[in-house]
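One structure below.
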Amino acid sequence: MRGRSLYLRLGGGVILLLVAAALLAPLVAPFDPSAVSLADQFATPSWRHPFGADESGRDLLMLLLHGTRVALGVSIPSVAISALVGIGLGAVAGQRGGLIDGLLLRAVDVALAFPGVLLSIFLLFLLGKPSYTGVVLTLSLTGWASFARITRAEVLRQRGMSYAEAARALGLSRGRILLRHLLPNCASALLSQTSFALGAAVLAEAALSFLGLGPYGAPSWGAALDQGASFFLIAPHLAIFPGLAILSAVLGFNFLGDGLRDHLDPQQGFA
Amino acid sequence: MHRTLLQRLVLRLVALGSSVFAVLVAVFIMLRLIPGDPVTAMLGEESRAADRAALTHCLRLDLPLHRQFLGFLGDIGSGTLGRYCDAPDQTVAHEILQVFPYTVALACSAFLLAATVGIGAGVWAARRAGSGVDLTLLSVGMIALSLPAFWVGPMLLLLFAQTLRFTPPPGDAFLGWTDLIFPALAIAPAMAARLMRTTRSSMLDVLSAPFITAARARGVSGLRLSVKHALGAALVPVVSVAGLQLGGLLAGAIVVEKIFARPGLGSLMLDGLFARNYPLVQGCVLVIALLFVLSNLLTDLVHAAVDPRMRSEGA
């Protein structure tokens, strides 16, 4: 379907741009949080400041470029951890079944039903001071469950297929079947889930930073939006652009995930 | 195993009650593990030892943990959820009751908005599956799913209160319609999009079911077919998703409450955490957990209403 491959390209393009921005930010615009310039206070968008300037005269484009580093720097490691944990647990539960499976299903249900923001807030308080590691850890603790659920369902589905039966008939060990045969066939579902999870993590990091619980002192988009929201009636650009940055990143990951699913697994798609 | 309706209801209530208890124990322990001393948080670093001792005693922090927990259960039993040490006639329950209407009003209006739009759009998209309408709805849904609620809020105000001067900027009358509609509009898009996606795929499944083909053969078509025949069956998974979201709404509105400076359960709990106000946090968590359980029960009841199989089978 043409509309769908458009998703893939659009999402992929946005994400490539963001990655490039994150990598190039220090070269293009050195981050200097103390670069206060009273003359530029609340400057509206212009050639000098394409996105305007904030309440202490810092260039908003520079802040948002560095925000890309925070957004990706938090979401990539946290999704990596939740994927590792979730895929591991889900795969074992899906293959073994029985008591392990039942226990995991309960845990997944509880983790998915509990509102993520609330859990993150509690965990962040538990860890003490707001920090980069703290945010990464709490986001992984709330993110593993969807990986576990999808992996379990996929492993169950693959296990019933004739190629898996053939592998069992050949006398391959359980671990080998899981690692060499079942999991590689789950890859497409897990790849699109990874993209969705990255989008969700960017959104969650922004929400936590917005509440003042994000990585301490980092130029996060959520923190910029929090600052901007207090001045948005006198300087609307301070609220508009950080939000657009968050929206484009989340939308990019969601489009990419949807596009990947349809591209890699055409029969599954359209849900 | 066949049980009567009453037996099943009791079993369900016991299960739900025990999960509320488990949440209370978990939060009670977590709160005590959080670094930071509540007495210092309330009195400041340079307080007198006598004051500190008095407050510690009043907060029951001088008792062993299990006695503290029993005391908390006693506070629940008395309906106060705990009294404030500096203002003995003020109770936690009182404070929660003050913000409670705001939370319920916001949750219900956002939910109604999202359910109407989401289910309606889902049915529409399913009826035109594969068409331009379907693709547009799916794309709009994807955007709605990615919108940060704490950005939509200020944008709505900017557009309607500042630029178009449609409405006055929200003031203090939090239950007035403009003061309710903006926060609801900020929360609803993501919920509506999830409901739309669920409704759409569930409708597509149902529309290819034999009983729909049979209805078609009898000459039923159009809106009557999709709404009267298909939608009822298609709603089962939608109700599950909606139920989960209703629960999440009650606590998840924190960011929107902050944007609109609107009181609510979530914000109250966050304030309590920052102030290390243990009784307040425990009380808020209790109420949130109870609301969660309630929305869970409601989901089951609606399930039973839309799906006859749920009524006859054992729990």
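Chains as they are written, first to last, in the numbering used here: chain G, 248 to 518; chain F, 652 to 966.
Every residue gets a Cβ at the ideal spot worked out from N, C-alpha and C, and that includes glycine.
Which residue comes first and which comes last in the alpha helix (DSSP H) that contains residue 864(F)?
-> Looking at the DSSP string, the run of the alpha helix (DSSP H) that includes residue 864(F) is 861–868.
Would residue 439(G) pass as a contact of residue 456(G) if the rule is Cβ separation under 7 Å?
-> Going by C-beta atoms, residue 439(G) is not nearer than 7 Å to residue 456(G).
Kindly indicate the opening and closing residues of the alpha helix (DSSP H) around residue 301(G).
-> Segment: none, residue 301(G) is in no alpha helix (DSSP H) and carries neither H nor E.
Candidates 696(F), 857(F), 738(F), 657(F): which alpha carbon is nearest residue 710(F)'s?
-> Of 696(F), 857(F), 738(F), 657(F), the residue nearest in Cα terms is 738(F).
Across which residues does DSSP place residue 734(F) in a beta bridge pair?
-> In the DSSP output, where bridge partners are listed per residue, residue 734(F) has 742(F).
Taking residue 908(F) as the reference, give the member of 482(G), 489(G), 476(G), 322(G) with the closest Cα.
-> When only C-alpha atoms are compared, the closest one is 476(G).
Could you tell me how far apart the beta carbons of residue 255(G) and residue 510(G) are, in whole angstroms, since I believe they sit closer than 8 Å?
-> With 8 Å as the limit, residue 255(G) and residue 510(G) qualify as a contact, their Cβ atoms being about 5 Å apart.
Identify each residue in the segment 485–504 of chain G for which the Cβ-Cβ distance to at least one residue of chain F is less than 9 Å, and report them in chain order.
-> Contact residues of the segment 485–504 of chain G toward chain F are 486, 487, 489, 490, 491, 493, 494, 495, 496, 497, 498, 499, 500, 501, 502 (C-beta to C-beta distance below 9 Å).
Proximity test, Cβ basis, 7 Å: residue 762(F) and chain G = Put simply, the CB of residue 762(F) is far from chain G, with every gap to its CB atoms at 7 Å or more.
Quick one: residues in its chain with C-beta nearer than 7 Å to the C-beta of residue 490(G), no 5 flanking neighbours on either side, listed in chain order?
-> Counting only Cβ-Cβ distances below 7 Å, and skipping sequence neighbours, we find 472.
Separation of residue 746(F) from residue 824(F), as counted between CA atoms = A caution first: residue 824(F) carries a pLDDT of 49, below 50, which makes its placement in the model unreliable, though a value can still be read off. If I take the Cα positions, the gap works out to 18 Å.
Beta carbon of residue 267(G), beta carbon of residue 312(G): below 7 Å?
-> Cβ atoms of residue 267(G) and residue 312(G): not closer than 7 Å.
Using a Cβ-Cβ cut-off of 7 Å (strictly less than) and excluding sequence neighbours within five positions of residue 858(F), which residues of its own chain qualify?
-> The residues are 777, 881.
Starting from residue 410(G), follow the alpha helix (DSSP H) in both directions and report where the run begins and ends.
-> Counting along the chain, residue 410(G) sits inside the alpha helix (DSSP H) bounded by residues 409–416.
Compare the C-beta of residue 915(F) against all C-beta atoms of chain G and say whether one is closer than 7 Å.
-> Chain G contact via Cβ: absent.
Which stretch, first to last residue, makes up the alpha helix (DSSP H) that contains residue 689(F)?
-> 689–694 is the span of the alpha helix (DSSP H), which, as asked, contains residue 689(F).
Tell me whether the beta-carbon of residue 321(G) lies closer than 7 Å to the beta-carbon of residue 382(G).
-> Yes, they are a contact pair.
Cα-Cα separation between residue 740(F) and residue 705(F), rounded to whole angstroms | Straight-line measurement puts the Cα of residue 705(F) at about 17 Å from the Cα of residue 740(F).
The segment 292–299 of chain G touching the segment 356–371 of chain G, judged by at least three CB pairs closer than 8 Å | Judged by Cβ distances under 8 Å, the segment 292–299 of chain G makes no contact with the segment 356–371 of chain G, as fewer than three pairs qualify.
Neighbour flag for residue 292(G) against chain F, beta carbons, 7 Å | By the rule that beta-carbons nearer than 7 Å mark a contact, residue 292(G) does not touch chain F.
Would you kindly check if the distance between the Cβ of residue 428(G) and the Cβ of residue 416(G) is under 7 Å?
-> In this structure, residue 428(G) does not lie closer than 7 Å to residue 416(G) by Cβ.
Which one or two residues does DSSP pair with residue 306(G) in a beta bridge?
-> Partner(s): 300(G).
Where residue 369(G) meets chain F, residues with beta-carbon distance less than 7 Å | Going along chain F in sequence order, the residues near residue 369(G) (Cβ under 7 Å) are 681.
Assign residue 735(F) to one of two classes, buried (16 or more other C-beta atoms within 10 Å of its C-beta) or exposed (fewer than that).
-> The residue is buried, with at least 16 neighbouring Cβ atoms inside 10 Å.
So is residue 298(G) in contact with chain F if we call contact Cβ pairs under 7 Å?
-> It does not: the Cβ of residue 298(G) has no partner Cβ on chain F nearer than 7 Å.
How about residue 373(G): is its C-beta nearer than 7 Å to some C-beta of chain F?
-> So, interface residue.
Boundaries (first-last residue) of the alpha helix (DSSP H) holding residue 908(F) = Here the alpha helix (DSSP H) through residue 908(F) covers 905–910.
Whether residue 442(G) touches residue 387(G) by CB criterion (7 Å) | Inclusion of residue 442(G) and residue 387(G) in the CB contact set at 7 Å is not warranted, their separation being larger than that value.
Are three or more beta carbon pairs between the segment 768–787 of chain F and the segment 871–889 of chain F nearer than 8 Å?
-> Verdict: yes, contact present.
Could you check the C-alpha separation between residue 742(F) and residue 946(F) for me, to the nearest Å?
-> Those two C-alpha atoms are separated by around 26 Å.
Start and end of the alpha helix (DSSP H) containing residue 597(G)?
-> Residue coverage of chain G in this structure runs from 248 to 518, which leaves residue 597(G) outside it and unanswerable.
Can you tell me which of 954(F), 911(F), 927(F) puts its alpha carbon nearest to the alpha carbon of residue 373(G)?
-> Of the listed residues, the one whose Cα sits closest to residue 373(G) is 927(F).
Would you grab the beta carbon distance between residue 921(F) and residue 368(G) for me? Rounded to a whole angstrom, and I think it's under 8 Å.
-> With 8 Å as the limit, residue 921(F) and residue 368(G) qualify as a contact, their Cβ atoms being about 7 Å apart.
Name the chain G residues whose beta carbon is nearer than 8 Å to that of residue 775(F)?
-> Scanning chain G for C-beta atoms nearer than 8 Å to the C-beta of residue 775(F) yields nothing, as the closest lies near 16 Å away.
Contacting residues, own chain, Cβ-Cβ under 6 Å from residue 431(G) (five flanking each side not counted) | Nothing meets the Cβ criterion.
Going by other Cβ atoms of all chains shown within 10 Å of its Cβ, with 16 needed for buried, is residue 753(F) buried or exposed?
-> Using a 10 angstroms sphere on the CB of residue 753(F), the tally of other CB atoms reaches 16 or more, which defines it as buried.
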